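A.B. asks: Every number in my numbering is 432 more than the matching position in the sequence shown, counting from 1.
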Amino acid sequence: MKVEGGCYCGAVRYKAEGEPMMKTECFCRECQYITGGGNLLVMAMPVEGFELTKGAVKGFTRDDIEHAVTREFCDNCGTHLFTRAPGFAAGVIIKVGSLDDPSVFGKADSANYVCDAQPYHRLPDDMPVNQKWMHS
433 MKVEGGCYCG
443 AVRYKAEGEP
453 MMKTECFCRE
463 CQYITGGGNL
473 LVMAMPVEGF
483 ELTKGAVKGF
493 TRDDIEHAVT
503 REFCDNCGTH
513 LFTRAPGFAA
523 GVIIKVGSLD
533 DPSVFGKADS
543 ANYVCDAQPY
553 HRLPDDMPVN
563 QKWMHS
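See the structure below:
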C-alpha cells in the first residue's frame with residue numbers, strides 16, 4: 433500500500449509505503465483531547481517506508497505520563513499528523529484524517545482503549561474491542 437497526506441494548510445506533506453501494521457479506532461483520553469471528544473482512526477505504517485516530503489513537524493510528549501507517546505503536528509495550522517510510541521519504533525502511527533484519500537483506510541481491525549470511552553461514544557460490535565492497546 434502507498435499513501436500520501438499532509439496537514440490542513442499544506443505546509444507538511446508525507447508519504448508512506450508498505451503493509452499497514454495496524455488499523456484501529458482509539459478511544460484513549462489523550463485522543464479525545466486531540467479530536468475534541470471523539471475517538472480517532474489511526475493506521476500504523478512501517479517506518480522504513482515513511483518519509484516527510486515537505487516541511488517539518490513539531491512534537492509534543494507529556495512528561496507526567498509513563499511511556500508517553502510523542503504526538504507530531506503542523507506547527508502552522510495545528511493538524512495532528514503522527515504519533516510515535518515507545519516500544520513501537522518500527523511503525524509511524526498516521527492519523528487517517530490527514531491522508532489525501534482517507535477511504536484507503538477501509539475499516540479498522542480493532543477498537544482500543546475502550547476503558548476511556550465516554551457514554552456518548554458508540555463502540556463497534558463487529559470487531560475486537562480492547563480495554564487497552566492491542567497490537568499483533
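The beta-carbon is built from N, C-alpha and C at its ideal position, and this holds for glycine as well. Everything numeric in this text was worked out from a predicted model, so none of it was measured.
1. Using 8 Å for Cβ pairs, my map puts Val524 next to Ala476. What's the rounded Cβ distance?
2. By Cβ distance, which residues of its chain are closer than 6 Å to Val501, with the 5 residues on each side in sequence left out?
3. Measure the alpha-carbon distance for Asn562 versus Pro556 and round it to whole angstroms.
4. Would you kindly report the start and end of the unbroken alpha helix (DSSP H) that includes Ile466?
5. Would you identify the three-state DSSP class for Ser568, choosing helix, strand or coil?
6. Can you tell me where the beta strand (DSSP E) with Glu480 in it begins and where it stops?
7. Give me the residue from Lys564, Asp532 and Asp548 with the minimum Cα distance to Arg461.
8. State yes or no: is the C-beta of Tyr446 within less than 8 Å of the C-beta of Glu436?
C.D. replies: Reading it off the structure:
1. About 7 Å separates the two Cβ atoms, so the contact holds.
2. Closer than 6 Å at the Cβ level, and outside the excluded window around Val501, lie Thr515 and Ala517.
3. Their backbone Cα atoms lie some 11 Å apart in a straight line.
4. Here the alpha helix (DSSP H) through Ile466 covers Arg461 to Thr467.
5. Confidence is the limiting factor: at Ser568 the pLDDT is only 45, short of 50, which leaves the residue's position unreliable and the question unanswerable from this model.
6. Secondary structure note for Glu480: it is in no beta strand (DSSP E), with a DSSP letter that is neither H nor E.
7. If we check each option's Cα against that of Arg461, Asp548 comes out closest.
8. Yes; because the gap between Cβ atoms is below 8 Å, this pair is in contact.
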